Amino acid sequence: MGSARHPSSFRDPSGFLFRRDGVLLRQVNPVYARHWEHFLASGLHAKLLERGWLIPHDELDARAGADSGAYRVLRPTPVPFISYPYEWSFSQYRDAALLTLRIQRLAFEHGMVLKDASAYNIQFLGARPVLIDTLSFETWEEGLPWVAYRQFCQHFLAPLALMSYRDVRLSSLMRTHIDGVPLDLACALLPGRARLRFPLLSHLYLHARSQRSKAHSRQGRRAYKIGRLAFAGLIESLRKGVERLQWGLPATEWGDYYGATNYSAASHAHKAELVTGALDAIRPASVWDLGANDGRFSRLASTRGIPTVAFDIDPGAVEKNYRQASAEKDAHLLPLRLDLTNPSPALGWAHEERASLADRGPAGAVLALALIHHLAIGNNVPLEHVAAFLARLSDHLVIEWVPKEDSQVQRLLASREDVFPDYREDFFGAAFGAHYRERNREPIRDSARVLYCCSRHPGWLPTSGATNV
Amino acid sequence: MKTKPLALRILALGALVQLATTSRAAAYIDPGSGSFFVQMLLAGLLGAGMAIKAYWGRIRSFFGFKSTPPPDDEAPQ
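Same order as they appear, the protein sequences are chains A and B. Going from the first sequence to our numbering is simple: count from 1 and add 23. Going from the second sequence to our numbering is simple: count from 1 and add 32.
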């Protein structure tokens, strides 16, 4: 019975995550005992659970630890899909930031503080953000400034300000900077008018300048003191700063896709019926909808209680989807931003801190609706390569064939030479047939499109590294 | 223990006004000290803000205005 320590869980001496027999466990080390007992005795833990702000856990016998030195061993409720800040839409990111501040505020009322404010500690259960790092709290040492302030500004305030003031796509800076957007970089990219907001002026600009001026300081952290009221004021100021950041949801590439599409009501309804039939036949444990737009087909899965991730490249579509899922308190639908032609890679120390998209699989089933032409024609990916990649992501596939005569394909070809003689349904069938067996092929009524439901050939091994955290 | 005189805090807050530009940081950054220092710089102002807010609430309730609870205390999501 081996215990594998989670590759991203090494920074905090308070404890660590490890996996045993496929179950994710968290060891609490004796060095954290004082904080842990205060966390429970103060009632903070109970309140966080009551409000749904913290991931629940069961406590196991301490002898179940990864080593003999465990103080406590916890089994947290599994998170269906681990997402990263560079995959979140604007409101999703903002909600994660506000939750962090709410938690900090509640903790402070119980004599504790968040000792880290990493965006990676927030995950989504459906559309609801939740803190997953149960060991993030420490007792507040009277007078000590907020230890997680720098991290909060780099992980939340800076990227959100950039997304709001400059371009929503700048959340991708979180992909290049593992510990958040450096504040000097954020200040260099933000427009001058960002300085007119006091929270941004102080927590980004002044903060960046202070970092620079104190870069070689040898003063210990106890040389700096702030009072209780100032501490509360700091959190309140950050909250105001985050809350006032907005993003206007422009009409982007896909924002009005369904309005502009050539689908008739009848073909749309028939397609939904076919997808539903496929889901009922496959009964997947999870679904990844690739190219989900605003998630209307993803909801066919999520409303059946299947944990569903709705990926789309367009920030506007993902934003719209998240806002709807959040308003509906959808417990099973997670909208995320993803460019399938350049999916999230493995990042961080030893390429293991943040998992790639494929490493977070396999999914129970993949939906690839109205997607193939964007990959094969829009991005010149040969059909064989599309089939091979999708086969890495899931055992089951529901895919829509969009023929060349379809107006959406014609639109893609309008401004370029047609160098795709192999973009034909028979070649499509051969490419996917190398990996999958066809379960069902059904032309979509009132359109030239065809819906395929297929499963991988037996003998295939599921994608390795299905680590979910 | 070092105490920061009020004058120093006021001077430091004056630095806010001078923040017309922020140049890029040197190659090495000590994230701790600068982030602690700026909190101390802001402390007076943020603390005063909270005090005024609390005091303002009391004035409002004295005149019979209902105090609005902060949004953070909302019911579970």
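We treat Cβ as the ideally placed atom computed from N, Cα and C, and that holds for glycine. These figures come from a predicted structure and were not determined experimentally.
8 Å Cβ cutoff met for residue i and residue j
i, j, result
"Ala324(A)", "Leu302(A)", "yes"
"Cys176(A)", "His133(A)", "no"
"Ala130(A)", "Val136(A)", "yes"
"Leu361(A)", "Ala388(A)", "no"
"Gly38(A)", "Arg28(A)", "no"
"Leu268(A)", "Arg117(A)", "yes"
"Ile155(A)", "Ile78(A)", "yes"
"Lys237(A)", "Phe69(B)", "yes"
"Leu180(A)", "Leu261(A)", "yes"
"Ile145(A)", "Thr123(A)", "yes"
"Trp76(A)", "Val153(A)", "yes"
"Phe443(A)", "Ala399(A)", "yes"
"Ala120(A)", "Leu183(A)", "yes"
"Leu229(A)", "Leu77(B)", "no"
"Asp335(A)", "Gly149(A)", "no"
"Leu158(A)", "Val46(A)", "no"
"Gln234(A)", "Ser67(B)", "yes"
"Leu416(A)", "Ala369(A)", "no"
"Phe160(A)", "His239(A)", "no"
Straight-line gap, residue i to residue j (C-alpha atoms, nearest Å)
i, j, result
"Thr486(A)", "Phe104(A)", "In this prediction, Thr486(A) has a pLDDT of 44, which is less than 50 and means its spatial position is unreliable; what the coordinates show is noted afterwards. If you take the alpha carbons of Thr486(A) and Phe104(A), they lie about 16 Å apart."
"Arg43(A)", "Leu435(A)", "49 Å"
"Glu375(A)", "Ile201(A)", "12 Å"
"Gly89(B)", "Ala255(A)", "16 Å"
"Arg125(A)", "Gly66(A)", "16 Å"
"Ser187(A)", "Leu193(A)", "9 Å"
"Pro481(A)", "Gly456(A)", "12 Å"
"Leu97(A)", "Leu83(A)", "6 Å"
"Leu185(A)", "Asp81(A)", "39 Å"
"Gly328(A)", "Pro307(A)", "11 Å"
"Ser31(A)", "Arg377(A)", "7 Å"
"Leu40(A)", "Thr100(A)", "13 Å"
"Phe33(A)", "Asp207(A)", "27 Å"
"Ser478(A)", "Ala453(A)", "14 Å"
"Tyr87(B)", "Ala80(B)", "10 Å"
"Ala315(A)", "Ser65(B)", "45 Å"
"Ile305(A)", "Thr326(A)", "16 Å"
"Leu272(A)", "Ala411(A)", "35 Å"
"Ala231(A)", "Arg220(A)", "15 Å"
"His458(A)", "Ala217(A)", "52 Å"
"Glu461(A)", "Asp418(A)", "12 Å"
"Ile91(B)", "Ile84(B)", "10 Å"
"Phe62(A)", "Glu165(A)", "17 Å"
"Ala64(A)", "Lys70(A)", "11 Å"
"Lys138(A)", "Arg245(A)", "15 Å"
"Asn491(A)", "Phe147(A)", "Interpretation of Asn491(A) is limited by its pLDDT of 36, a score under 50 that renders its predicted location unreliable; no figure is taken from the coordinates."
"Val265(A)", "Ala348(A)", "21 Å"
"Val54(A)", "Pro36(A)", "8 Å"
Contacts around residue i, its chain only, beta-carbon distance under 6 Å, and the 5 residues preceding and following it disregarded
i, result
"Leu297(A)", "Glu465, Leu474"
"Ala391(A)", "Leu313, Ile422"
"Gly371(A)", "Ile201, Arg377"
"Ser26(A)", "Phe41, Arg43, Ala89"
"Ala140(A)", "Thr123, Ala171, Gln174, Phe175"
"Ala56(A)", "Tyr94"
"Lys294(A)", "Ile467"
"His68(A)", "Phe62"
Close beta carbons around residue i, own chain, < 8 Å, minus the five adjacent residues each side
i, result
"Phe451(A)", "Ile395, Leu406, Trp424"
"Ser290(A)", "Ile467, Arg468, Asp469, Ser470, Arg472"
"Glu448(A)", "Trp424, Pro426, Val473"
"Met197(A)", "Tyr107, Pro108, Tyr109, Ala142, His178, Pro182, Gly203, Val204"
Nonlocal neighbours in the same chain, by C-beta distance under 7 Å from residue i, ignoring five residues either side
i, result
"Arg322(A)", "Leu356"
"Pro168(A)", "Tyr247, Ile249"
"Ser112(A)", "Pro338, Val341, Glu342, Tyr345, Pro358, Arg360"
"Asn402(A)", "Thr364"
"Pro330(A)", "Pro103, Phe104, Ser309, His355"
Practice task
Entirely within the region 34-98 of chain A and at least 3 residues each: give me those beta strand (DSSP E) ranges in chain order.
Solution key: Look at the region 34-98 of chain A and you find these whole runs of beta strand (DSSP E), each 3 residues long or longer: 38-43, 46-51, 80-83.
Practice task
Starting from the N-terminal side, write out each stretch of the beta strand (DSSP E) that is 3 residues or longer and does not extend beyond the region 385-428 of chain A.
Solution key: 388-391, 419-424
Handout entry: chain A contacts from the region 80-98 of chain B (Cβ-Cβ distance under 9 Å)
Key = Ala80, Gly81, Met82, Ala83, Lys85, Ala86
Exercise for the section: Would you list, in sequence order, the uninterrupted beta strand (DSSP E) runs of no fewer than 3 residues that lie entirely inside the region 303-372 of chain A? Expected result: 310-313, 331-335, 356-360
Exercise for the section: At 3 residues or longer, and completely inside the region 111-185 of chain A: list those beta strand (DSSP E) runs for me, N to C. Expected result: 135-137, 145-148, 151-154, 160-162
Handout entry: Interface positions of the region 160-184 of chain A facing chain B (Cβ-Cβ less than 7 Å), listed along the chain
Key = Residues are counted here when their Cβ sits less than 7 Å from a Cβ of chain B; for the region 160-184 of chain A these are Pro168, Trp169, Tyr172, Arg173, given in chain order.
Problem - Complete alpha helix (DSSP H) runs within the region 221-275 of chain A (minimum length 4 residues, chain order) - result: The qualifying runs are 230-236, 251-266.
Exercise for the section: Return the residues of the region 230-242 of chain A that lie within a Cβ-Cβ distance of less than 9 Å from chain B, sorted by chain order. Expected result: His230, Ala231, Arg232, Ser233, Gln234, Arg235, Ser236, Lys237, Ala238, His239, Ser240, Arg241, Gln242
Practice task
Note down, in chain order, all residues in the region 303-325 of chain A with a beta-carbon under 9 Å from any beta-carbon belonging to chain B.
Solution key: none
Exercise for the section: Could you run through the region 347-380 of chain A and flag, in chain order, every residue whose CB is less than 7 Å away from some CB of chain B? Expected result: none
Handout entry: Those runs of the alpha helix (DSSP H) which lie wholly inside the region 436-469 of chain A and span at least 4 residues
Key = 448-456
Practice task
Could you run through the region 50-83 of chain A and flag, in chain order, every residue whose CB is less than 7 Å away from some CB of chain B?
Solution key: In summary, the residues of the region 50-83 of chain A whose CB is separated from some CB of chain B by less than 7 Å are Glu73, Arg74, Gly75, in the order they occur in the chain.
Exercise for the section: Below 8 Å between beta carbons is the criterion; list the residues of the region 98-110 of chain A that meet it against any residue of chain B, in chain order. Expected result: Across the region 98-110 of chain A, no CB contact with chain B closer than 8 Å is found for any residue.
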